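For what it's worth, our numbering labels the leading residue of the sequence shown as -3, then goes sequentially. All residues carry an ideal CB built from backbone N, CA and C; glycine is no exception. Given the structure is predicted, the values throughout are model-derived calculations rather than measurements. Beneath this line is the structure, given in structure tokens, with notes to follow.
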Amino acid sequence: MNSVPWYVTAFHADYIDRYAHRDEEEAKANIDALLHWLPLPRAGATLDLACGAGRHLIALHQAGFTHLVGLDLSADLLRRARRRLRELEIPNVRLVHSDMRDIGFAAHFDAVLSLFSSFGYFADDQQNAAVIHEIARALRMGGTALIDTMNPPHVQATLVPDEQFDLGSRHVQIIRRLTSDHRVEKRTILSHKGGQRQEFLESVRLYRDDEMLTMLEQAGFRDVHLAGALDGRDYSSSSPRLVVIATGGSPHA
């Protein structure tokens, strides 16, 4: 049995190819939609938590943010982010190789953003709650936390159990299922023409709105607001996303 957590093996360099449709253009549209209704301070310190290859960092820079930090556990994706930032001549973006349960900053950020379903990776609720406590510790008093997650009722209503398509010279099969412990599992099987086969697992804990509110309150957040997408629409059970915005920060500045 493989004891290595799925998130250690899933985010290597080929992750970019498997998620080619999640590109810089989409990231720019997401950030533009977000900033239309959420007035984040462009001159403040902003953390992109689980920044991957840096597509949202690029969009934030293009929107005028001047003090950006990206944190990710994948060395491969951080190398890709560093190269892309260099290609675009984007200066002064700090990239940090770390686990999101160990952000390593205290009372530093004006905003912490967790985008594209990067919350709920860990095996139990205590570890996932630890991420929220780390976000609270990393924020300055009055700072903003935004967590963009899957909306459980929407996932349950729209889940596609089996999907197949060709990606270049590879055949892709994606198998999805909901587990009894409230996770959505996605198994991606890549079949190459030469017979080689690769398999990747993703497993994310789905949290209801009330569960998210409880975790945020326990971490000391206040003024919690829910949106149904990054464009700020009202949240309902049929919303495509569950976006949580909260005010918090460490008292230990």
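- The beta carbons of residue 34 and residue 54 sit no closer together than 9 Å.
- Annotation note: the stretch 57 to 90 contains the following uninterrupted alpha helix (DSSP H) runs of length 4 or greater, listed N- to C-terminal: 71 to 83.
- Residue range 135 to 146 is occupied by the beta strand (DSSP E) that includes residue 144.
- Taken through DSSP and simplified to helix, strand or coil, residue 24 comes out as helix.
- Of the residues 118, 92 and 134, the one whose Cα lies closest to the Cα of residue 102 is 134.
- Linking residue 242 to residue 61 through their CA atoms gives a straight-line distance of about 20 Å.
- Check the Cα spacing between residue 211 and each of 116, 191 and 58: the tightest is with 116.
- Burial is judged here by how many other beta carbons sit within 10 angstroms of a residue's own beta carbon; residue 90 has fewer than 16 and is exposed.
- Closest in C-alpha terms to residue 139, from the list 229, 105 and 32, comes 105.
- Within the same chain, 19, 20 and 23 come within 7 Å of residue 51 by CB-CB distance, once the 5 residues on both sides are set aside.
- Between the beta-carbon of residue 151 and that of residue 197 there is about 17 Å, and that puts the pair past the 8 Å contact cut.
- For residue 219, the uninterrupted beta strand (DSSP E) segment begins and ends at 218 to 223.
- DSSP places residue 206 in the uninterrupted alpha helix (DSSP H) bounded by 205 to 214.
- The C-alpha of residue 125 lies about 35 Å from the C-alpha of residue 193.
- Ranked by how close their Cα comes to the Cα of residue 120, the residues 177, 167, 171 and 2 have 177 in first place.
- Taking the Cα of residue 191 as reference, the smallest distance to any Cα among 214, 167 and 175 is reached at 167.
- If you draw a straight line from the Cα of residue 239 to the Cα of residue 209, it is about 11 Å long.
- Exclusion of the five residues before and after residue 227 leaves 29 as the residues of its chain whose Cβ lies within less than 6 Å of its Cβ.
- Counting along the chain, the unbroken alpha helix (DSSP H) around residue 4 starts and ends at 2 to 5.
- Contact annotation: residue 63 and residue 39 have beta-carbon atoms nearer than 9 Å.
- For residue 101, no beta strand (DSSP E) encloses it, and the DSSP letter there is neither H nor E.
- Note: residue 241 is bridge-paired with 142 and 221 in the DSSP secondary-structure output.
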